[in-house]
Each structure stands twice: as C-alpha cells, then as structure tokens.
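Colleague: Everything in the sequence shown is counted per numbering that gives the first Met the number 0, starting at 0 for the first residue and increasing by one.
Below: one structure in structure tokens.
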Amino acid sequence: MPGNVLSLPIDSDLDVSSLRAPTAAEVLEGLAVTLLTTHTALRLIRRFRPTGKVPFSKLSIVTRHEDVQELLRQDQVFQVEGERIRRANGDGDPKGPNFLLGLQEDAGGCPMRHAQSVAGRAATSLSYCDFQSLVMKVFEREDLPRIGALVEKETRAQLNSLTWNEDRAEFDAIQTLITRIPVMLCERYYGLRIPHPADFARCAFVVSRWIFDPDADSNYDEIGTQASQRLNRIIKASLDQPMDGDTIISRLRRECSDDVIQTVVFGMIVALVPTNTMAGGHILQMLIEHEPFQDQARTAADPFSGDDDRLQRCLFEAMRFFPLLREPLRVCARDYTLAEGTHRQHRFKKGERIIAITKSAMMDERAIAHPQRFDPDRPAYDRMVFGYGLHRCIGAPIAEMQMRRMFKVLLHEYELGARKGAKMERLVTFPEHYIINLKRLTSADRS
Ligand code: HEM
Numbered sequence: 000m001p002g003n004v005l006s007l008p009i010d011s012d013l014d015v016s017s018l019r020a021p022t023a024a025e026v027l028e029g030l031a032v033t034l035l036t037t038h039t040a041l042r043l044i045r046r047f048r049p050t051g052k053v054p055f056s057k058l059s060i061v062t063r064h065e066d067v068q069e070l071l072r073q074d075q076v077f078q079v080e081g082e083r084i085r086r087a088n089g090d091g092d093p094k095g096p097n098f099l100l101g102l103q104e105d106a107g108g109c110p111m112r113h114a115q116s117v118a119g120r121a122a123t124s125l126s127y128c129d130f131q132s133l134v135m136k137v138f139e140r141e142d143l144p145r146i147g148a149l150v151e152k153e154t155r156a157q158l159n160s161l162t163w164n165e166d167r168a169e170f171d172a173i174q175t176l177i178t179r180i181p182v183m184l185c186e187r188y189y190g191l192r193i194p195h196p197a198d199f200a201r202c203a204f205v206v207s208r209w210i211f212d213p214d215a216d217s218n219y220d221e222i223g224t225q226a227s228q229r230l231n232r233i234i235k236a237s238l239d240q241p242m243d244g245d246t247i248i249s250r251l252r253r254e255c256s257d258d259v260i261q262t263v264v265f266g267m268i269v270a271l272v273p274t275n276t277m278a279g280g281h282i283l284q285m286l287i288e289h290e291p292f293q294d295q296a297r298t299a300a301d302p303f304s305g306d307d308d309r310l311q312r313c314l315f316e317a318m319r320f321f322p323l324l325r326e327p328l329r330v331c332a333r334d335y336t337l338a339e340g341t342h343r344q345h346r347f348k349k350g351e352r353i354i355a356i357t358k359s360a361m362m363d364e365r366a367i368a369h370p371q372r373f374d375p376d377r378p379a380y381d382r383m384v385f386g387y388g389l390h391r392c393i394g395a396p397i398a399e400m401q402m403r404r405m406f407k408v409l410l411h412e413y414e415l416g417a418r419k420g421a422k423m424e425r426l427v428t429f430p431e432h433y434i435i436n437l438k439r440l441t442s443a444d445r446s
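Printed below as a string of structure tokens:
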C-alpha cells in the first residue's frame with residue numbers, strides 16, 4: 000500500500016467561490032427543478048404528461064417505468080454524450096480519449112466481457128468493450144473484502160477522533176466520513192498520492208457536474224476543465240512515483256500504457272468520489288428523517304442477529320426514496336417513437352436531449368407494488384438507483400461495500416439524529432456538509 004500524503008506542485012486549491020454564489024437565474028432554475036422533481040409533482044406528470052418537453056427548457060423527460068426502461072435499453076438510439084468526457088481526459092482538448100459512460104457498445108456487443116489485450120494501444124483507439132474488459136480485469140471481485148476492511152477501519156478511526164461530550168457528539172458526516180472514505184479508497188486501493196484530499200474531492204464534484212450537465216451550453220466549461228487538469232496532474236504525478244503494493248495502478252501498469260491508465264483512473268475517480276458521497280448522504284438523510292427506515296436498518300446491522308444482505312437492501316431501499324440527483328441523460332441519435340402504439344407514444348427528434356427520470360420510474364404505481372412503502376425485500380428489479388441497461392453501474396459492488404460497512408458501524412453503535420436547523424449543504428449538487436447528532440448506544444438501548 001502506498002504512503003499517505005506527498006507534496007505535489009499544486010500550490011492552491013481550485014477556486015470554487017463562483018459556484019458558492021449562484022446567480023439569481025441559477026437559484027430560480029434550481030428551485031424549478033426541485034419543485035418539478037418532488038414525488039408529488041412526478042406522480043402528476045406520470046399521470047397527465049408522462050413524456051415530453053420541460054416548459055421553458057430544451058430538455059425532454061421520460062417518467063414512466065416502462066418508458067424509462069425502453070429508452071435506456073435503446074442505447075444505440077439514445078446515446079450518452081461523450082464530448083465533455085473527451086475534453087476532460089484531454090486536459091481541454093476535444094480529441095482526448097473517451098471512457099465507458101461516453102462510449103456506445105461496439106457493433107456485435109460484448110456480452111461475455113471477454114478479456115482483450117490493450118497492450119501497446121493508445122487510449123483514443125479503445126472501444127467500449129476494450130475499456131469494459133480492462134476495468135473488469137483490474138477491479139477484481141476478490142478485492143471486495145479488502146475494500147470492506149479499509150472502509151470499516153476508516154469509519155472507526157474517524158468516529159474515534161470526534162470530541163465526545165459523554166455519550167454524544169456532533170458530526171459533519173459528509174466531510175468527516177462519507178467523502179473521506181472514497182478519497183481514502185483512491186489513495187489506498189487505486190494507489191494515488193493525494194496531497195489535498197478536500198480539494199481533490201471538490202475537483203471530482205466539479206468535473207462530474209460539468210461532464211454530465213444536461214445543458215448543451217454548460218456554465219461549467221471553464222471551471223470543469225480546470226478541475227480536470229488538476230485531477231490529471233495528480234494521476235500523472237502518482238504514476239511518476241515508485242509503486243508499492245498491489246493497487247489498481249500497479250495492476251494497470253502490467254496491462255497498458257500510461258495514457259490508458261490515466262483515462263481509466265480519471266473515469267473511476269469521477270465515478271467513485273462524487274457518486275458515493277451523494278449516495279451516502281442521501282441514504283443517511285432518509286435514515287434520519289424516517290425512524291422506521293433507521294430501525295429496520297439497525298436491526299439488520301446487528302453483528303450477531305443481523306444480516307448484511309438485508310442491511311444492504313435496507314440502505315438501497317432508503318435510497319430509492321432519494322436517489323442521485325444526476326439522472327441518466329441521453330441524446331437522441333435518430334428520430335424514434337417511444338412507447339409506440341400506446342396513447343402516450345412520443346416521437347423524439349435526432350439531437351434532442353432527454354432525461355430518463357429513474358426516480359419517477361421507481362415510484363411508478365403501474366409497475367411497482369406499493370411504491371411508497373419502505374420494503375427492503377422488494378424485487379431488485381424495482382430499484383434503478385444504479386441505472387439500467389448497457390451503462391448500468393459497473394462500480395455497484397464497491398459502492399454497496401462502502402455503504403454496508405460504513406452504515407453497519409454507524410447503525411449498530413450509534414443513534415443518528417438531526418441537529419436542529421441543520422441542512423445538507425451542497426457544492427454543485429453534491430453534498431459537502433451535513434451536521435448530525437450521534438448518541439452512543441448501550442446494550443440496554445439495543446435490546
Ligand atoms: C452508490 C453509489 C453509486 C451510484 C448510485 C451509481 C449510479 C450509477 C448510475 C445511475 C449509472 C448509469 C448512468 C447512466 O446510465 O447515465 C452509473 C454508471 C457507472 N458507474 Fe456508478 N454509481 C455509484 C458508484 C460507483 C462507483 C463506486 C464506481 C467505480 C468505482 C462507479 C462507476 C461507474 C461507471 C464506470 C459507470 C459507467 C458504466 C458504463 O457506461 O458501462 N459507480 N453509476
């Protein structure tokens with residue numbers, strides 16, 4: 000395992016002050032999106048106008064379960080835009096390499112994810128299948144116990160470092176724990192040397208917000224490019240260091256050239272840090288706001304009488320009520336009629352930008368039994384928190400491991416409560432701070 004912190008020539012943090020002071024138009028837009036995507040508004044939209052243009056915007060939405068699945072299955076028609084991913088990987092150059100989520104499956108497909116050699120090839124020449132095979136090869140399932148052990152150790156270390164007032168403590172769960180863990184995994188599992196963890200996480204948030212911005216003309220072009228350059232410098236500097244131990248980077252070293260390593264590691268940082276932060280924050284908020292969710296998850300977290308699989312189902316069932324804010328965005332590659340032959344059929348035109356609202360699909364009473372009920376035992380099919388179809392999350396097992404091991408410690412040992420007046424604070428949609436109250440549980444409390 001590599002050492003912890005190493006001085007790199009990145010003298011000051013990324014200046015995110017402009018992102019902390021949004022313009023009045025941005026505040027209004029944010030408010031409109033929030034109102035439009037409440038469960039109540041989505042229920043009405045599903046009923047009266049399930050597919051179509053969002054008023055005053057160039058975006059369209061699809062809200063019914065059946066239609067969201069059709070759209071995400073038609074991955075050659077509804078494609079992920081890879082243009083900003085190429086710019087991010089190319090340090091601003093639009094001819095940079097693409098990565099998994101920005102690529103479409105090659106003709107013929109790669110259902111068996113067969114291992115293909117990428118040795119000697121440039122990142123720009125690799126296809127979706129090449130990248131998928133490579134990622135599957137180096138991110139081994141056998142790593143999961145090691146990842147789980149790292150997560151648990153970091154969780155205990157952070158909780159032990161809090162200032163306790165008898166059995167109570169106040170705790171910034173995002174900063175101290177939920178973001179800290181994926182950054183630690185980038186250091187200890189990926190093998191990166193990260194000089195300023197907080198800045199690293201902020202750069203990953205900004206890049207994610209930029210490359211998946213639904214707006215065709217993103218306001219984040221400039222700061223997103225700067226943030227990508229900083230992450231690229233950290234990866235390059237880490238590649239220049241001697242490798243010690245078995246890490247993702249040391250495994251990639253045996254398979255491919257530095258430019259391919261750069262692309263894979265960049266993609267997997269931007270997929271891991273912002274997403275696990277948002278997922279962990281949203282699950283935590285649901286457990287705090289809904290006592291029955293917390294009680295059921297706590298029972299499953301008991302190391303003696305509990306059940307890890309059930310705990311995981313409780314956590315991701317909680318997330319069904321508050322999934323990622325970044326919903327799959329697709330661009331229509333040719334004219335296509337969705338839900339053809341039904342009363343709601345809709346003709347999409349080439350070039351249209353469409354959001355498949357999985358949050359709405361997961362609550363669609365036409366497809367999901369008792370969608371408003373917290374039911375950890377519901378079929379996995381009901382949950383689309385990791386997406387659906389070709390681009391379904393390849394990092395789900397790592398994400399599940401973080402949530403399971405982190406929340407197992409939190410739920411078994413502490414009662415989690417809201418601090419009066421505390422709200423989740425965000426930087427470009429990603430949670431940055433969420434102060435909560437912890438109370439140590441005694442065995443009497445647990446019985
Ligand atoms: C709870 C945490 C996570 C959630 C909720 C989540 C969710 C998602 C979703 C919804 C997609 C599909 C996006 C789309 O269709 O546009 C996706 C794709 C992806 N995720 Fe995750 N993700 C999580 C964690 C991770 C982690 C930890 C990694 C890597 C270590 C990762 C790597 C990826 C990659 C590479 C893709 C693209 C897959 C492809 O295009 O084939 N994710 N994720």
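We put the beta carbon where it would ideally sit given N, CA and C, even for glycine.
Okay, do the segment 172-185 and the segment 275-283 touch, 3+ Cβ pairs below 8 Å being the bar?
Modeller: Short answer: they touch.
Colleague: Is there at least one non-hydrogen atom of the ligand HEM closer than 6 Å to the beta-carbon of I282?
Modeller: No, since every heavy atom of the ligand HEM falls outside the 6 Å radius drawn around the Cβ of I282.
Colleague: Leaving out five residues before and five after A355 in sequence, what residues of the same chain have Cβ atoms less than 6 Å from its Cβ?
Modeller: V61, V67, L70, L71, P327, listed in sequence order.
Colleague: Identify the continuous beta strand (DSSP E) that holds P430 and give its terminal residues.
Modeller: Element bounds for P430: 429-432.
Colleague: Please go through the same chain and pick out, in chain order, the residues whose beta-carbon is closer than 6 Å to the beta-carbon of I367, but skip the five residues on each side of it.
Modeller: Answer for I367: D381, listed in chain order.
Colleague: Assuming H64 is part of the alpha helix (DSSP H), what are its boundary residues?
Modeller: Note, H64: alpha helix (DSSP H), 64-72.
Colleague: Taking just the CA atoms, how far does C313 sit from D374?
Modeller: Computed Cα separation, rounded: 8 Å.
Colleague: Going by DSSP in three states, N159 sits in which element: helix, strand or coil?
Modeller: Helix.
Colleague: Using 6 Å as the cut-off, classify the Cβ of V384 as near or not near the heavy atoms of the ligand HEM, replying yes or no.
Modeller: Checking the Cβ of V384 against the ligand HEM gives yes.
Colleague: Kindly list the residues whose CB is nearer than 8 Å to the CB of L440, restricted to its own chain and excluding five residues on each side of it in sequence; keep chain order.
Modeller: Around L440: H411, E412, Y413, E414.
Colleague: Which residue's Cα is closest to the Cα of A203: F320, M277, I146, D243?
Modeller: Considering only alpha carbons, the answer is M277.
Colleague: Have a look at L191, Q261, I287 and flag the residue whose alpha-carbon is nearest the alpha-carbon of M242.
Modeller: Cα-wise, what sits closest to M242 is L191.
Colleague: What does a CB cutoff of less than 7 Å around G147 pick up in its chain, not counting 5 residues either side in sequence?
Modeller: If we look at G147 and ignore the five residues flanking it on each side, its Cβ neighbours are M400, R404.
Colleague: Going by the beta-carbon positions, is the gap between Y387 and V76 smaller than 7 Å?
Modeller: Their beta carbons are not under 7 Å apart, which means Y387 does not touch V76 by this criterion.
Colleague: Quick check on F199: buried or exposed, where buried means 16 or more other Cβ atoms within 10 Å of its Cβ?
Modeller: Classification for F199: buried.
Colleague: Counting C-beta neighbours from all protein chains within 10 Å, is the total for Q344 16 or more, i.e. buried, or is it exposed?
Modeller: By the 10 Å Cβ count, Q344 comes out exposed.
Colleague: Taking 7 Å as the cut-off, decide whether the C-beta atoms of F211 and R325 are in contact.
Modeller: Taking 7 Å as the Cβ cut-off, F211 and R325 qualify as a contacting pair.
Colleague: So F406 and L310 are in contact, right, with Cβ under 8 Å, and what is the actual spacing, rounded?
Modeller: Rounded, the Cβ-Cβ distance is 7 Å, consistent with contact.
Colleague: Between L426 and Y433, what straight-line distance do the alpha-carbon atoms span, to the nearest angstrom?
Modeller: Straight-line Cα distance between these residues: approximately 12 Å.
Colleague: Expressed to the nearest angstrom, what Euclidean distance is found between the alpha-carbon atoms of L143 and P396?
Modeller: Each residue's alpha carbon lies about 8 Å from the other.
Colleague: Beta-carbon within less than 6 Å of R352's beta-carbon, same chain only, minus the 5 sequence neighbours each way: which residues are those?
Modeller: L58, V330.
Colleague: In terms of residues, what are the limits of the alpha helix (DSSP H) holding D444?
Modeller: First-last of the alpha helix (DSSP H) with D444: 442-445.
Colleague: State the DSSP-derived secondary structure class of N231, mapped to helix, strand or coil.
Modeller: If DSSP states are grouped into helix, strand and coil, N231 belongs with the helices.
Colleague: Pick from P96, A296, A360: whose alpha carbon is nearest that of D307?
Modeller: Checking every option, the nearest Cα to that of D307 belongs to A296.
Colleague: In or out: D92 buried (at least 16 other Cβ within 10 Å) or exposed?
Modeller: The residue is exposed, with fewer than 16 neighbouring Cβ atoms inside 10 Å.
Colleague: Quick one: residues in its chain with C-beta nearer than 7 Å to the C-beta of M383, no 5 flanking neighbours on either side, listed in chain order?
Modeller: These residues qualify, in order along the chain: T357, A360, M361.
Colleague: So L125 packs on V117, CB below 8 Å; how close in whole Å?
Modeller: With 8 Å as the limit, L125 and V117 qualify as a contact, their Cβ atoms being about 6 Å apart.
Colleague: Since I believe A168 is in contact with L437 (beta carbons under 8 Å), could you give me their beta-carbon distance rounded to a whole number of angstroms?
Modeller: L437 to A168, Cβ: 5 Å. Contact.
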